[in-house]
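Heads up: the sequence shown at position 189 corresponds to 189 in the numbering used here, and the numbers run straight through without jumps.
Every residue gets a Cβ at the ideal spot worked out from N, C-alpha and C, and that includes glycine.
Please read these numbers as outputs of a predicted model, since none were measured by experiment.
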Amino acid sequence: MNTSHLTDGGQKAGRWLLTALGPLTTLALGSLISTMPITGALADGSVNIYSYRQPGLIKPLLDEFTKNTGIKTKIIFAKKGLAERIAAEGMNSPADILLSVGIGKLVGATEKGITQPVNSDTINANIPARYRDSDGHWFGVTTRARVIFASKERVKQTTITYEELADPKWKGRICTRSGQHVYSIGLFASLVAHHGAEWTEKWLSDVKANLARKPAGNDRKQVKAIFSGECDIALGNTYYMGKMQTNEKEPIQKEWAASINVLFPNTEDRGTHVNISGVSLAKHAPHKANAIKLLEFLTSTKAQQIYAETNFEYPVRAGAPTSKRVNSWGMFKSDEIGLDMIAKFRKTASELVDKVGFNQGPSS
Ligand SMILES: [Fe+2]
Numbered sequence: 001m002n003t004s005h006l007t008d009g010g011q012k013a014g015r016w017l018l019t020a021l022g023p024l025t026t027l028a029l030g031s032l033i034s035t036m037p038i039t040g041a042l043a044d045g046s047v048n049i050y051s052y053r054q055p056g057l058i059k060p061l062l063d064e065f066t067k068n069t070g071i072k073t074k075i076i077f078a079k080k081g082l083a084e085r086i087a088a089e090g091m092n093s094p095a096d097i098l099l100s101v102g103i104g105k106l107v108g109a110t111e112k113g114i115t116q117p118v119n120s121d122t123i124n125a126n127i128p129a130r131y132r133d134s135d136g137h138w139f140g141v142t143t144r145a146r147v148i149f150a151s152k153e154r155v156k157q158t159t160i161t162y163e164e165l166a167d168p169k170w171k172g173r174i175c176t177r178s179g180q181h182v183y184s185i186g187l188f189a190s191l192v193a194h195h196g197a198e199w200t201e202k203w204l205s206d207v208k209a210n211l212a213r214k215p216a217g218n219d220r221k222q223v224k225a226i227f228s229g230e231c232d233i234a235l236g237n238t239y240y241m242g243k244m245q246t247n248e249k250e251p252i253q254k255e256w257a258a259s260i261n262v263l264f265p266n267t268e269d270r271g272t273h274v275n276i277s278g279v280s281l282a283k284h285a286p287h288k289a290n291a292i293k294l295l296e297f298l299t300s301t302k303a304q305q306i307y308a309e310t311n312f313e314y315p316v317r318a319g320a321p322t323s324k325r326v327n328s329w330g331m332f333k334s335d336e337i338g339l340d341m342i343a344k345f346r347k348t349a350s351e352l353v354d355k356v357g358f359n360q361g362p363s364s
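Below is the structure:
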């Protein structure tokens, strides 16, 4: 299967959605074409979720929602292109909810005009203002911190700042994924917000000079490089620590994880950069009332706990518990800058990455 597949939020039914989506999805989903009619399916009130997250990560949560409310859910999953698909489907889109990762995608969907505002006292009470759009077009469900993974063997310091990554003491010791990846851009945009574009350009240029190699691979591959001695520190998202520590498919990843400490940057000043996973209500949601029930459910303490635990993330709702494993990596305070500021500066950040040739690596 390619990047798309359809799954069901708890039951085995659900192929109808493929028919409903027509030729666009038919192309993307290849052999999974259904012949079931759309009418009955649209009438059953199921909430249709277009998700950039793997269905397995949200299934426990959706099962709980269905158990509580009797409302079924169906999921379309794709790594890319869901917002474009909703736009192309227009008024006939079966999408009720768009589930995204990263402020860039959430704001991007709003800018595309494929979302509608939700004004819910429940959501507004449960989700801190800095994790939701002031117009109600999106809100965060979980957070993840962009931290430093540091070799236990070769890095003895227990605190760090993003700023000091530019220090020559790290020359040849830093690994990271592409500077243009949304996780990198989120962090760099926060630096533009705090220090300005000129400062960030110099910082990017200095960090580039400190890299051990050209930016490449995902966050876990950077930890692998620390494990193998290629570098000493790397930037990465917190939940990858959990994914490595519990990886039964590729148990060597447990050893990668065991070779590093998690350092939360800037805990002694403004706090560590965090980004969100979040949700939007689709502009033409055919099951709006049920979709809002699901959105509100996502802000309940129970749902927050389940969702955060399944993904090794942090709940956004104050007081919702974080899992023991996640807490074991250390406590931190998060940078409280508004996510709207991160969104605002992501274009500048992306231009600066190109301007300094960050992705060309240390020798260029
Ligand atoms: Fe990720």
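- Per DSSP, the beta bridge partners of SER277 are VAL101, THR142.
- Taking 8 Å as the cut-off, the beta carbon of LEU99 is found closer than this to the beta carbon of ILE58.
- With a threshold of 16 other beta carbon atoms within 10 Å, THR238 meets it and is buried.
- DSSP links PRO315 through a beta bridge to THR142.
- Counting along the chain, no beta strand (DSSP E) covers THR69; the unbroken alpha helix (DSSP H) around it starts and ends at 55-69.
- Counting along the chain, the unbroken beta strand (DSSP E) around ILE233 starts and ends at 233-237.
- If you draw a straight line from the Cα of VAL279 to the Cα of ALA234, it comes to about 29 Å.
- Between the C-alpha atoms of GLU230 and ARG173 there is a straight-line separation of about 8 Å.
- Each residue's CA atom was taken as its position, placing ILE292 and LEU281 some 8 Å apart.
- Note on PRO321: under 16 other CB atoms within 10 angstroms of its CB, so exposed under the neighbour-count rule.
- Counting C-beta pairs closer than 8 Å gives three or more between the stretch 173-189 and the stretch 200-220, which meets the contact rule.
- If you ignore the 5 residues before and after THR299, its C-beta comes within less than 7 Å of the C-beta of THR122, ILE123, ASN126, ILE127, ARG317, all in its own chain and listed in chain order.
- Closest in C-alpha terms to PHE65, from the list TYR314, TRP170, ILE306, comes ILE306.
- Close CB contacts of ASP44 within its chain, under the 8 Å cut and outside five residues either way in sequence, are with LYS72 (chain order).
- In the structure shown, GLN116 adopts extended strand secondary structure according to DSSP, grouped into three states.
- Distance check between ARG325 and each of ALA308, PRO362, LYS355, ASP335 places ALA308 closest, using alpha-carbon atoms only.
- Residue state for SER151 is assigned as strand, using DSSP reduced to three classes.
- Our two residues, ALA225 and THR143, have alpha carbons roughly 26 Å apart in a direct line.
- Residue environment: LYS105 is assigned as buried (16 or more neighbouring CB atoms within 10 Å of its CB, all protein chains considered).
- Judged by the Cβ position, ASN275 fails to qualify as a neighbour of ligand 1 at the 7 Å threshold, every heavy atom of the ligand being at least this far.
- DSSP places VAL223 in the helix class (H, G or I) of the three-state scheme.
- One alpha carbon belongs to ARG132, the other to VAL107, and they sit about 11 Å apart.
- When the alpha-carbon of VAL356 is set against those of LYS208, ALA285, TRP256, PHE227, the nearest one is in LYS208.
- Under DSSP, the beta-bridge partners assigned to ARG132 are PHE139.
- Remark: the shortest separation between the CB of ASN237 and any heavy atom of ligand 1 falls under 7 Å.
- Only residues of its own chain outside the window of five on either side were considered, and among them ALA87, LYS283 have a CB closer than 8 Å to the CB of GLY113, listed in chain order.
- In the DSSP assignment, THR122 falls within the unbroken alpha helix (DSSP H) covering 121-126.
- Of the other Cβ atoms in all chains shown, 16 or more fall within 10 Å of the Cβ of ILE49; this residue is therefore buried.
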